[in-house]
Amino acid sequence: MQRNTTARISDPCTIVIFGATGDLTRRKLVPALYNLRREGLLHANTTILGFARRDWSDEYFRTLLFDEGSKHSRASLDGGDWPGFISRVSYIRSTFEDAEGYTALAERLDAIDAEQGTSGNRLFYLATPPESYEDIINNLGAAG
Numbered sequence: 001m002q003r004n005t006t007a008r009i010s011d012p013c014t015i016v017i018f019g020a021t022g023d024l025t026r027r028k029l030v031p032a033l034y035n036l037r038r039e040g041l042l043h044a045n046t047t048i049l050g051f052a053r054r055d056w057s058d059e060y061f062r063t064l065l066f067d068e069g070s071k072h073s074r075a076s077l078d079g080g081d082w083p084g085f086i087s088r089v090s091y092i093r094s095t096f097e098d099a100e101g102y103t104a105l106a107e108r109l110d111a112i113d114a115e116q117g118t119s120g121n122r123l124f125y126l127a128t129p130p131e132s133y134e135d136i137i138n139n140l141g142a143a144g
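So this is what it looks like as structure tokens:
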């Protein structure tokens, strides 16, 4: 495979994955993001926040991502850049309808901006059923 040596590295940002506990995140999204980081195409200060209803800790979420990612990533997760990558992954527990969860998300995003220099650069990925889109979008708008 030929690498694109003229590709521009992304600016640091925060990627929020709604529905982060599902298969899409574990099997496809996180392994793909890790591979982008390994290839130097994802800024080292990029942070990933999982947002879902399961009562998981950051540590449990990271462990699960490693276990599943090891099966589905084209690159080995042992050693390499995985520790640096996964240290920037965290989890927020909330339902898509709960306004308080979005307030907590807004506070966390502001803290990440201050700590990582992400300057408000955010990507929201909805790994959810389409019927959840309206609640997520309305609550994001209300939280600012």
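Going letter by letter, the sequence shown gives residues 1 to 144 in my numbering.
Just so you know, even glycine gets a beta-carbon here, dropped at the ideal spot from N, CA and C.
Because the structure is a prediction, the values reported are computed rather than measured.
Reduced DSSP secondary structure (H/G/I, E/B, other) of residue i
i    : result
F96  : coil
T46  : coil
I136 : helix
L126 : strand
Status (buried if at least 16 other CB within 10 Å, exposed otherwise) for residue i
i    : result
P31  : buried
I136 : buried
I9   : exposed
T63  : exposed
Residue i: CB within 8 Å of a non-hydrogen atom of the ligand SAM
i   : result
A99 : Among the components modelled here there is no ligand, and therefore nothing to report on the ligand SAM.
Those residues which DSSP pairs with residue i across a bridge
i   : result
R74 : Bridge partners of R74: none, in fact.
S90 : L49
F18 : F51 and L126
Neighbourhood of residue i by C-beta, 6 Å cutoff - its chain only, sequence neighbours within 5 removed
i   : result
G50 : I17, A20, F61 and Y91
Supposed close pair residue i, residue j - CB separation, criterion 8 Å
i   : j   : result
R88 : T46 : 7 Å
Cβ neighbours of residue i in the same chain (closer than 8 Å, five flanking residues each side left out)
i    : result
A104 : I92 and S94
Cβ shell of residue i (< 7 Å), same chain only, five flanking positions each side left out
i   : result
L24 : A127
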